[in-house]
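**Q** Provided herewith is a single structure, encoded as structure tokens, for subsequent inquiry.
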């Protein structure tokens, strides 16, 4: 992050009492002790006290600069008092009818007591564990950037930084390893029009989000992890260690004798897809043939990515070979040392969906007919109990009616919000001229995992 900062750049690091001392030592080494501008105290009042120590009611925010070229916008703050004082020409005083108090504008200090943590009833809350109030990010962003400047959050979580930067007309970049964080941020930005304004109290923001892209490092991130985890060994040794690592996470044992079978878990054979390529229909077909030749009845395919439309096509092949086939996703948690070290990695089964596409003249209509998570054995019982029909698994779906084999564009979307839990099940579109078009359908389930399919249609 230090390398990405411009000469005028600044960085804010938030921590609580348990981590602040270690963070400060590390940041002094990275940014230079002389570049520490402030250690800010965010003090707040929340429920809960202790009889054994003073209640912990503040967090720390370290404020570092890249150099002394940084900008700082001095934004005066309100200071309230019960009666009017005669400050002469030094301070102008104002009366707040709603609070029944006098106030003046003063220079800000490094202890912030005017920003409250989000309550469970706050409309701003998106129910993400580490969500921060927008007021906190507004204070930081306005102080150190101007309109048009770039704001980046490399642990974007609930998307507060991105949303606030958007409302304040800054360019923004959000990064997170978690699928659910990215999905939460996406929905939050799509709903931003109906969220509160940061400049006009009591009013909605009232603007649609500017166009943005969701980019995935995909194989490059995994390739970096592979080198970091297993070192720069020869190709055969690196592959062996990669397969052994994934098999161990999955609770399977390695077996030899087949190029298309890597291990066994219980009565099921296991095949593992490559780090840097999607699992193809041909790969699965070859593994199915080997499974049948070995006299086995069940095959598990583990993959990071999948060839488009693989699930529907390959299940028919598996039925013909009398092999029970499970396609499971290798989650990004696998490359997280904390999650993999604890064994807290779940390989969810690849979902699939059914649609009906109708065309009439220049109009096209996509209707969702089914969404299937084949086996739900890894899903928590309380989640399964909340599912009453197949569409309850879906949190968001979108259609790009004119897919160009490059970037997916959310031409049509439907998603659940706190206020509106129903999804529209039919997407429609009218083309400008006759022709052959590709329709890209993307579904994101309640776990933040996406399932996609591309269809080709003709309109006359």
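Numbering (the working numbering), first residue to last: 168 to 627. The beta carbon of each residue, even a glycine, is placed where N, CA and C say it ideally should be.
Return the first residue and the last residue of the beta strand (DSSP E) that residue 361 is part of.
**A** Locating residue 361 in the chain shown gives position 194, counting from the first residue. Where residue 361 is concerned, there is no enclosing beta strand (DSSP E), given that its DSSP letter is neither H nor E.
**Q** Is it true that the CB of residue 335 sits closer than 8 angstroms to the CB of residue 365?
**A** Residue 365 sits at position 198 when you count from the first residue of the chain shown. Residue 335 sits at position 168 when you count from the first residue of the chain shown. Yes, the pair counts as a contact, with Cβ atoms nearer than the cut-off.
**Q** Which term fits residue 307, buried or exposed, when burial requires 16 or more other beta carbons within 10 angstroms of its beta carbon?
**A** Sequence index remark: in the chain shown, residue 307 carries index 140 (1-based). The residue is buried, with at least 16 neighbouring Cβ atoms inside 10 Å.
**Q** Output needed for residue 553: all residues of its chain with C-beta closer than 8 angstroms, excluding positions within five of it in sequence on either side, in chain order.
**A** For the purposes of this step, residue 553 is taken as residue 386 along the chain shown, with counting starting at 1. Excluding positions up to five away in sequence, the list reads 559.
**Q** At the level of alpha carbons, what is the spacing between residue 340 and residue 317?
**A** Translated into positions along the chain shown, residue 340 becomes position 173. Translated into positions along the chain shown, residue 317 becomes position 150. Taking the straight line from one Cα to the other gives about 8 angstroms.
**Q** Along the alpha helix (DSSP H) that carries residue 392, what are the first and last residues, could you check?
**A** For this step, residue 392 is matched to residue 225 along the chain shown. Element bounds for residue 392: 386-397.
**Q** Assess contact between the stretch 394-409 and the stretch 426-435, defined as three or more Cβ pairs (one per stretch) separated by less than 8 angstroms. Is contact present?
**A** no
**Q** Judging by CA-CA distance, which residue of 393, 176, 276 and 222 is the nearest neighbour of residue 312?
**A** Counting from one through the chain shown, the residue named residue 312 turns up at place 145. Residue 312 has its Cα closest to that of 176, out of 393, 176, 276 and 222.
**Q** How would you write the range of the alpha helix (DSSP H) that residue 193 sits in, first residue to last?
**A** The sequence position of residue 193 within the chain shown is 26, counting from 1. Per DSSP, residue 193 belongs to the alpha helix (DSSP H) from 187-198.
**Q** Let's test the definition: count the other Cβ atoms within 10 Å of the Cβ of residue 601 and tell me whether it reaches 16, buried, or not, exposed.
**A** For the purposes of this step, residue 601 is taken as residue 434 along the chain shown, with counting starting at 1. Exposed, since its Cβ has fewer than 16 Cβ neighbours within 10 Å.
**Q** Can you tell me where the alpha helix (DSSP H) with residue 450 in it begins and where it stops?
**A** Numbered from 1 along the chain shown, position 283 holds the residue referred to as residue 450. Segment 448-460, the alpha helix (DSSP H) holding residue 450.
**Q** Between the Cα of residue 314 and the Cα atoms of 375, 324, 325 and 332, which residue gives the shortest distance?
**A** One-based indexing of the chain shown puts residue 314 at position 147. When each option's Cα is compared against that of residue 314, the closest is 332.
**Q** Three-state secondary structure (DSSP) at residue 378?
**A** For the purposes of this step, residue 378 is identified with residue 211 of the chain shown, where counting begins at 1. Coil.
**Q** At what residues does the beta strand (DSSP E) containing residue 318 begin and finish?
**A** Walking along the chain shown from the start, residue 318 turns up at place 151. Taken as a continuous stretch (DSSP letters only), the beta strand (DSSP E) holding residue 318 covers 317-320.
**Q** Taking C-beta to C-beta, are residue 448 and residue 410 nearer than 8 angstroms?
**A** The residue you call residue 448 lines up with position 281 of the chain shown. The residue you call residue 410 lines up with position 243 of the chain shown. Cβ atoms of residue 448 and residue 410: not closer than 8 angstroms.
**Q** Would you list, in sequence order, the uninterrupted beta strand (DSSP E) runs of no fewer than 3 residues that lie entirely inside the stretch 217-251?
**A** 225-232 and 244-248
**Q** Classify residue 479 as buried or exposed, calling it buried when 16 or more other Cβ atoms lie within 10 Å of its own Cβ.
**A** Indexing the chain shown from 1 puts residue 479 at position 312. Exposed is the call here.
**Q** When you compare only the Cα positions, how much space is there between residue 245 and residue 362?
**A** Along the chain shown, one-based indexing puts residue 245 at 78. Along the chain shown, one-based indexing puts residue 362 at 195. So the alpha carbons of these two residues sit roughly 25 angstroms apart.
**Q** Going along the chain, which residues of its own chain have a beta-carbon closer than 6 angstroms to the beta-carbon of residue 529, five neighbours each way excluded?
**A** Here residue 529 corresponds to residue number 362 of the chain shown, with the count starting at 1. Counting only Cβ-Cβ distances below 6 angstroms, and skipping sequence neighbours, we find 597, 598 and 626.
**Q** Can you have a look at residue 440 and say buried or exposed, based on whether 16 or more other CB atoms are within 10 angstroms of its CB?
**A** One-based indexing of the chain shown puts residue 440 at position 273. Its Cβ being crowded by 16 or more others within 10 Å, residue 440 is buried.
**Q** Beta carbon of residue 446, beta carbon of residue 467: below 8 angstroms?
**A** Against the chain shown, residue 446 aligns to sequence position 279. Against the chain shown, residue 467 aligns to sequence position 300. No.
**Q** Who are the near neighbours of residue 482 in its chain, counting only those whose CB is closer than 7 angstroms to its CB and skipping five residues on each side?
**A** Against the chain shown, residue 482 aligns to sequence position 315. Excluding residues within five positions, the ones whose Cβ falls inside 7 angstroms are 492.
**Q** Count the other CB atoms, across all protein chains shown, that sit within 10 Å of the CB of residue 193; report buried if there are 16 or more and exposed otherwise.
**A** For this step, residue 193 is matched to residue 26 along the chain shown. Taking all protein chains shown into account, residue 193 has fewer than 16 neighbouring C-beta atoms within 10 Å of its C-beta and is therefore exposed.
**Q** Would you call the CB atoms of residue 562 and residue 613 closer than 8 angstroms?
**A** On the chain shown, residue 562 is found 395 positions in, with the first residue counted as 1. On the chain shown, residue 613 is found 446 positions in, with the first residue counted as 1. Yes, they are a contact pair.
**Q** Determine, using beta carbons only, whether residue 435 and residue 465 come nearer to each other than 8 angstroms.
**A** Taking the first residue of the chain shown as position 1, residue 435 is located at position 268. Taking the first residue of the chain shown as position 1, residue 465 is located at position 298. Yes. Within cutoff.
**Q** Is it buried or exposed for residue 301, if we count other Cβ within 10 angstroms and need 16 for buried?
**A** Counting from 1 along the chain shown, the entry for residue 301 is found at position 134. That one is buried.
**Q** Per DSSP, which one or two residues make a beta bridge with residue 519?
**A** As a first step, residue 519 is located in the chain shown; it is residue number 352 there, counting from the start. BP columns for residue 519 point to 539.
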